[in-house]
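A quick write-up on the structure given underneath.
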Amino acid sequence: MRRTAIAAVCLATAATAGLTACGSEGGSAKKADKGPFAGMSGGKIAEKAVKATSGAKSLRIKGDVPDGEGGMLSLNMAMDTKGKCAGTMGMNKEGSIELIVPGKTVYMKYDEEFLRAQSKGEPAADVQATVDMLADRWAKTKATSADAKEIAAFCDLDTVLADFKGVSSVARRGGTTKVDGTPAIKLMETDGKEKYTLYVATEGKPYLLRVDTEKGGKVDTLKFTDYDKPVKAKAPTGDVLDFDKL
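Numbering (the numbering used here), first residue to last: 52 to 297.
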């Protein structure tokens with residue numbers, strides 16, 4: 052579980068690596084004289100998007116991205132700057148974990164597929180015992196416990212977006228489009244074998260709406276939505292297993 056949490060903490064910054072000044076296309080980036088962000092280069096628009104996004108009080112991150120260890124992390128998580136979060140995480144499409152952090156307690160619910168995937172190589176009897184005890188059942192632990200600290204840190208939006216600060220971009224600006232109905236402008240950048248397409252809102256605050264990462268013909272998409280909306284992180288009731296008492 053710790054490996055999953057670490058991957059999740061790195062998710063937002065890893066997926067937006069294309070914003071950093073590591074490309075080679077910025078010298079001839081064009082500036083549009085008309086339309087959204089008139090007179091601004093792609094790099095300047097990206098910097099505005101980073102500033103706006105890092106200033107959000109809450110947002111939702113949804114998508115599939117590499118976890119840095121050869122696997123894929125699936126995420127659909129709402130979080131805020133007060134440490135609240137709620138949503139789901141999964142590894143390599145092998146089950147999922149539901150997570151709620153309303154305050155100083157972390158609530159987790161694993162499905163059977165996730166538990167079995169994380170227990171590969173262990174004795175069958177031990178795996179079955181774990182499944183019988185935890186599958187589709189809420190469990191809780193203090194956010195300060197050793198196993199929960201990294202998850203709790205991920206739920207802090209300021210921590211997740213920490214590497215956004217001080218970004219310098221050489222992105223090229225593209226055409227306008229819509230992301231789930233929201234008007235946006237496309238920005239493109241290349242870093243080695245990876246190609247990034249960023250979508251930035253052209254109305255209201257210039258929030259980052261989507262990042263597409265293309266590598267080897269495969270495209271992974273990460274969406275940023277629900278900006279500044281309250282995070283619905285209500286503690287579950289009923290049968291909740293207390294890890295701290297085991």
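Yeah, the Cβ is synthetic: ideal placement off N, Cα and C, and Gly gets one too.
Fair warning: this is a prediction, and the values are worked out from it, not measured in the lab.
Quiz item: In or out: E173 buried (at least 16 other Cβ within 10 Å) or exposed?
Solution: Taking the sequence shown and counting its residues from 1, the one referred to as residue 173 is at position 122. Classification for E173: exposed.
Quiz prompt | DSSP-derived helix/strand/coil call for G90 | solution = Here the question's residue 90 lines up with position 39 in the sequence shown. Here G90 sits in coil by DSSP.
Quiz item: Using the beta-carbon count (16 or more within 10 Å), is G141 buried or exposed?
Solution: Within the sequence shown, the letter at position 90 stands for residue 141. Under this definition G141 is a buried residue.
Quiz item: So, using beta-carbon positions, are T222 and E240 closer together than 7 Å?
Solution: Within the sequence shown, residue 222 is the residue found at index 171, counting from 1. Within the sequence shown, residue 240 is the residue found at index 189, counting from 1. It should be noted that the sequence gives Ala, not Thr, for residue 222. In terms of Cβ geometry, A222 and E240 form a close pair [threshold 7 Å].
Quiz prompt | Cutoff 7 Å; reference K108; Cβ partners in own chain excluding five residues on either side | solution = To locate residue 108, count along the sequence shown from 1; it is residue 57. Within the same chain, K108 has close Cβ partners D131, T132, D279.
Exercise. Please report the Cβ distance between T253 and P234, rounded to the nearest whole angstrom; I am assuming they are in contact, meaning their Cβ atoms lie under 8 Å.
Key: Here the question's residue 253 lines up with position 202 in the sequence shown. Here the question's residue 234 lines up with position 183 in the sequence shown. Sure, about 5 Å apart at Cβ, within 8 Å.
Practice problem: Identify whether R223 lies in helix, strand or coil by the three-state DSSP scheme. | Solution: As a first step, residue 223 is located in the sequence shown; it is residue number 172 there, counting from the start. The answer is strand: DSSP assigns R223 an E or B state.
Quiz prompt | DSSP bridge partner residues for A269 (one or two, in chain order) | solution = Residue 269 sits at position 218 when you count from the first residue of the sequence shown. The question names Ala, but residue 269 in the sequence shown is Lys. Paired residues: K266.
Exercise. Measure how close the beta-carbons of I151 and A286 come, nearest whole angstrom, since I'm counting them as under 8 Å.
Key: Counting from one through the sequence shown, the residue named residue 151 turns up at place 100. Counting from one through the sequence shown, the residue named residue 286 turns up at place 235. At roughly 7 Å, the Cβ-Cβ gap stays under 8 Å, so I151 and A286 are in contact.
Quiz item: For the segment 165-216, which segments carrying the beta strand (DSSP E) assignment without a break, of at least 3 residues, lie completely within its bounds, in sequence order?
Solution: 189-193
Self-check item: N- and C-terminal bounds of the beta strand (DSSP E) containing E245
Solution: What you label residue 245 is simply residue 194 of the sequence shown in a count that begins at 1. E245 -> beta strand (DSSP E) spans 245-252.
Practice problem: Leaving out five residues on either side along the sequence, give the residues of the same chain with a beta carbon under 8 Å from the beta carbon of K266. | Solution: One-based indexing of the sequence shown puts residue 266 at position 215. So the list reads K244, E245, K246, once near-sequence residues are dropped.
Quiz item: Start and end of the beta strand (DSSP E) containing T139?
Solution: Mapped onto the sequence shown, residue 139 falls at position 88. 136-142 is the span of the beta strand (DSSP E), which, as asked, contains T139.
Practice problem: Compare the Cα-Cα distances from K102 to each of V157, S170, K191, P257 and report the closest residue. | Solution: In the sequence shown, counting from the first residue as 1, residue 102 sits at position 51. With distances taken between Cα atoms, K102 lies closest to P257.
Quiz item: Mind checking whether the beta-carbon of M159 lies closer than 6 Å to any heavy atom of the ligand HEM?
Solution: Questions concerning the ligand HEM fall outside what the structure shown contains, since it holds no ligand whatsoever.
Quiz item: How many Å lie between D164 and D293 at the Cα?
Solution: Working through the sequence shown from its first residue, we reach residue 164 at position 113. Working through the sequence shown from its first residue, we reach residue 293 at position 242. The residue asked about is misnamed: residue 164 is Glu in this sequence, not Asp. Taking the straight line joining both Cα atoms gives about 22 Å.
Exercise. May I ask which residues mark the beginning and end of the beta strand (DSSP E) holding Y278?
Key: Here residue 278 corresponds to residue number 227 of the sequence shown, with the count starting at 1. It is not in any beta strand (DSSP E) - Y278 carries neither H nor E in the DSSP assignment.
Quiz prompt | Element boundaries [beta strand (DSSP E), containing G114] | solution = Translated into the one-based positions of the sequence shown, residue 114 becomes position 63. Looking at the DSSP string, the run of the beta strand (DSSP E) that includes G114 is 109-117.
Exercise. Report the rounded CA-to-CA distance for A137 versus A129, giving the unit in angstroms.
Key: For the purposes of this step, residue 137 is taken as the residue at position 86 of the sequence shown. For the purposes of this step, residue 129 is taken as the residue at position 78 of the sequence shown. Cα-Cα distance, rounded: 5 Å.
Self-check item: Alpha carbon of L185 to alpha carbon of R224, nearest angstrom
Solution: Taking the first residue of the sequence shown as 1, we reach residue 185 at position 134. Taking the first residue of the sequence shown as 1, we reach residue 224 at position 173. In a straight line, the C-alpha of L185 is about 49 Å away from that of R224.
Quiz item: Thinking C-beta only, is K135 closer than 7 Å to P153?
Solution: Position 102 of the sequence shown, counting from 1, holds the residue named residue 153. Position 84 of the sequence shown, counting from 1, holds the residue named residue 135. In this structure, K135 lies closer than 7 Å to P153 by Cβ.
Quiz prompt | Where G195 falls, given that 16 or more other Cβ within 10 Å makes a residue buried | solution = Here residue 195 corresponds to residue number 144 of the sequence shown, with the count starting at 1. The residue you asked about is not Gly; residue 195 is Thr in the sequence shown. With fewer than 16 other Cβ atoms within 10 Å, it is exposed.
Quiz item: By the 10 Å Cβ neighbour count, where 16 or more other Cβ atoms means buried, how is T192 classified, buried or exposed?
Solution: For this step, residue 192 is matched to residue 141 along the sequence shown. Under the 10 Å beta carbon count, T192 is surrounded by 16 or more other beta carbons and is classified as buried.
Quiz item: If we ignore side chains and look at the alpha-carbon of each, how far apart do R53 and A204 end up?
Solution: For the purposes of this step, residue 53 is identified with residue 2 of the sequence shown, where counting begins at 1. For the purposes of this step, residue 204 is identified with residue 153 of the sequence shown, where counting begins at 1. Because R53 carries a pLDDT of 33, less than 50, the predicted location of this residue cannot be relied on, and the following value inherits that uncertainty. Rounded to whole angstroms, R53 to A204 spans 12 Å at the Cα level.
Quiz item: Under the three-state reduction of DSSP, which class applies to D370: helix, strand or coil?
Solution: The structure shown does not extend to residue 370, since the chain is modelled only from 52 through 297, so no value can be given for it.
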